[in-house]
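Accompanying notes for the structure given below.
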Amino acid sequence: MSLFVPPRAPASEAELLDVEPGRPDEIDDCLRELARVNRLLGGRRTTLAHLGPLLAATGKERVTVLDVAAGGGDMAEAMRDWALRRGLNLRFTFLDRHPVVLDFSRRAAGFRPHLVLGDALTLPFPDASFDLCVTSLFFHHLEPEEMEASMREMRRVARTGILVNDLVRDRLAWAWIVLLSRLFSRNRLVRHDGPLSVRRAYRPSDFRALAAGSGFSRWGVRRHFPYRMCLWGLVGDESRRGAMQTERGATLTEREARR
897 MSLFVPPRAP ASEAELLDVE PGRPDEIDDC LRELARVNRL LGGRRTTLAH
947 LGPLLAATGK ERVTVLDVAA GGGDMAEAMR DWALRRGLNL RFTFLDRHPV
997 VLDFSRRAAG FRPHLVLGDA LTLPFPDASF DLCVTSLFFH HLEPEEMEAS
1047 MREMRRVART GILVNDLVRD RLAWAWIVLL SRLFSRNRLV RHDGPLSVRR
1097 AYRPSDFRAL AAGSGFSRWG VRRHFPYRMC LWGLVGDESR RGAMQTERGA
1147 TLTEREARR
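Quick note, the sequence shown lines up with residues 897 to 1155 if you use the numbering used here.
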């Protein structure tokens, strides 16, 4: 392990959101702060940079999307707004195992997603139920075998492709999150879970190994500034789509993603 890449934190060091019921007001505040982090530190840009080619691969103007462990729903709202500006309609289903989180997303979302209380490791949907399956800041909560199980389930319910956005484990990222959470947050969940989430995160090499063993017809993993990475994968025969020829061609520029 290099100087800048610490060993991954063990399962015994769990994030509070994973082990405590939590107060609704405290969770609401935590999710609002997470939305700001996604907006200001590249989380949204990372997903949007890969969204266009995946939408093109569906060949549809009305696209169904399952957001696994949807959290506050801010990423889905960013995706929906981005697509609407391009004449596309995304119909979202939010899945989360935490009822308080689902209630927040119902109140916070600027649209009306379908809400489902359920487990990401055993998705309560038939095969090929959605065009796309996406998730953000979820895989670092999982152990490797759980991550593989969740990926299998996402691939099972997706007709066209999947998109996974998460943190990159890095000492500098951890140091920045410790500093920012202490300076700008009084929420105990943010102060505890933020730094730990970086220590629980994976590396691009882990995502490449995961994708390579998941049976995608085509896939890619790309790191994004400052400490994000994204895995995309196509399900089935995409030869007629021609939308994602290479990993380089599967992304938009940062400027294009913001439009």
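For each residue, glycine too, the CB sits at the ideal point set by N, CA and C.
- Bridge pairing for Leu991: Val964, Val1012 [DSSP].
- When the alpha-carbon of Asp1023 is set against those of Ala910, Gly969, Val1131, Leu936, the nearest one is in Val1131.
- Close CB contacts of His1036 within its chain, under the 7 angstroms cut and outside five residues either way in sequence, are with Asp1062, Leu1063, Ser1093, Arg1096, Ala1097, Tyr1098 (chain order).
- In the structure shown, Phe1112 falls within a coil segment according to DSSP collapsed to helix, strand and coil.
- Within its own chain, the residues whose Cβ lies closer than 7 angstroms to the Cβ of Ala905, once the five positions on either side in sequence are excluded, are Leu1092, Arg1095, Arg1096, listed in chain order.
- Taken through DSSP and simplified to helix, strand or coil, Phe1026 comes out as strand.
- Counted as a single uninterrupted DSSP element, the alpha helix (DSSP H) harbouring Arg1084 occupies residues 1084-1096.
- Distance from the CA atom of His946 to the CA atom of Arg1052, rounded to whole angstroms, is 20 angstroms.
- Going by beta carbons, Pro1100 and Val1117 fall inside the 7 angstroms limit.
- Under the Cβ criterion (8 angstroms, minimum of three pairs), the region 956-972 counts as touching the region 1004-1017.
- Here Asn985 is exposed: its Cβ has fewer than 16 other Cβ atoms, across all protein chains shown, within 10 Å.
- The beta carbon of Glu909 sits closer than 8 angstroms to the beta carbons of Leu1092, Arg1095, Arg1096 from its chain, once the five residues preceding and following it are set aside; these are given in chain order.
- With distances taken between CA atoms, Gly918 lies nearest to Arg1084 out of Arg1067, Leu950, Arg1084, Arg940.
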